[in-house]
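Asks:
Residue numbers (the working numbering): 951 to 1253.
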């Protein structure tokens, strides 16, 4: 059984706790080694903490029930959270690049690499475990906030892995500029992740339609009914956080009674809700042989 929205805040608290621990460990690794690559890793964990706090606030808002002012609920607030996370990731990328460029120009030797790497690996394992928990919870509960947080933590894990490899190569080759180059590579990697989160958040705020595979599922549901003489048009879908909205017109033979059309509409609604969970389905039944029923097939139905 899926968790209720109120229960999702516990995952945000888990993310906050993990961020605090990993920041402490990674800063310790930086102070031990004086590696700008490890500093960049610690800066990204700082972003994790800030975004985890924002995620907690967003999840609390998203769990609020619909009211007279917001009759479709508050689930869309999750897009603001993931958008903020994407923006902070971009800011972290800039900060990492700024800290790495001076070291690229004037490289410095690293200190006590072995101890620093051990501390950083411990932090990475914590992030890996928490990311898997958040990702499963996000997919199970259709929460873009938790999924964004999980992907950010996984980016942190890959970042740490790259930094660790870079630090080890510096130790083996004695080429100190490699530390700064690894930090710049980290900045580029998280820049890509941040842009992806911003793009997904923007699509949600702009009421993007359901993904192609779900639109295909809708068509698969409607096809058997079309074989029975029904027709469908004016299909509209949108995603709002954890909720989906589906609306369309159902055209039935003119000789059908209102009751008969209603029975078919209820059957279609039930199938759509089973196939695409967390969906609000709105169907408008019209007579197939009335010319007026075919006048609103375009996207702009204001005319």
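Quick reminder that beta carbons are idealized off the backbone N, C-alpha and C, glycines included.
Among 1240, 1163, 1024 and 1195, which has the Cα closest to the Cα of residue 1223?
Replies: 1195
Asks: Figure out for me which residue from 1118, 1002 and 1136 has the closest Cα to the Cα of residue 911.
Replies: Since the first residue of the chain shown is 951 and the last is 1253, residue 911 is not available in this structure.
Asks: Indicate whether residue 1038 and residue 1080 have their beta-carbon atoms separated by less than 7 Å.
Replies: No, the pair does not count as a contact, with Cβ atoms beyond the cut-off.
Asks: On the three-state DSSP scale, how would you describe residue 994?
Replies: helix
Asks: Does the Cβ of residue 1048 lie closer than 6 Å to at least one heavy atom of the ligand FMN?
Replies: The model on display carries no ligand, and the ligand FMN is accordingly not part of it.
Asks: Per DSSP, what kind of secondary structure is residue 1047 in: helix, strand or coil?
Replies: helix
Asks: Please report the distance separating the alpha-carbon of residue 1200 from that of residue 1027.
Replies: 32 Å
Asks: Three or more C-beta pairs under 8 Å: does that hold for the region 1155–1162 against the region 1205–1218?
Replies: no
Asks: Taking the Cβ atom as the reference point for each residue, do residue 977 and residue 992 lie within a distance shorter than 7 Å?
Replies: yes
Asks: Could you pull out every residue in the same chain whose Cβ sits closer than 8 Å to the Cβ of residue 923, ignoring the five residues on either side in sequence?
Replies: With the chain represented from 951 up to 1253, any question about residue 923 goes unanswered, as that position is not in the structure.
Asks: What three-state label does DSSP hand residue 1188 in the structure shown?
Replies: strand
Asks: Measure the CB-CB distance between residue 988 and residue 979 and report whether it falls below 7 Å.
Replies: The Cβ-Cβ distance between residue 988 and residue 979 falls below 7 Å.
Asks: For residue 1049, decide whether its Cβ has a neighbour in chain C, counting only Cβ atoms nearer than 7 Å.
Replies: The chain labelled as chain C is not found in the depicted structure, where only one protein chain is given.
Asks: Can you tell me the Cα-Cα spacing of residue 1174 and residue 1073, whole angstroms?
Replies: 54 Å
Asks: Tell me, please, which residues DSSP counts as bridged to residue 1018.
Replies: BP columns for residue 1018 are empty, so no partner.
Asks: Count the other C-beta atoms from every protein chain shown that fall within 10 angstroms of the C-beta of residue 1140, then say buried if there are 16 or more, exposed otherwise.
Replies: buried
Asks: Using DSSP with H/G/I as helix, E/B as strand and the rest coil, what is residue 1183?
Replies: strand
Asks: What three-state label does DSSP hand residue 1101 in the structure shown?
Replies: helix
Asks: Below 7 Å between beta carbons: does that hold for residue 1238 and residue 1181?
Replies: yes
Asks: How far does the beta strand (DSSP E) with residue 1196 in it reach, from first residue to last?
Replies: 1193–1202
Asks: What number of angstroms, rounded off, separates the C-alpha of residue 1004 from the C-alpha of residue 1197?
Replies: 32 Å
Asks: Buried or exposed, going by whether 16 or more other CB atoms sit within 10 Å of the CB of residue 1123?
Replies: exposed
Asks: Under the rule that 16 or more other beta-carbon atoms within 10 Å means buried, what is residue 1034, buried or exposed?
Replies: buried
Asks: Ends of the beta strand (DSSP E) at residue 1233?
Replies: Under the DSSP assignment, residue 1233 falls in the beta strand (DSSP E) whose first and last residues are 1229–1237.
Asks: Using CA atoms only, rank isn't needed, just tell me which of 1052, 1092 and 1108 is closest to residue 1070.
Replies: 1108
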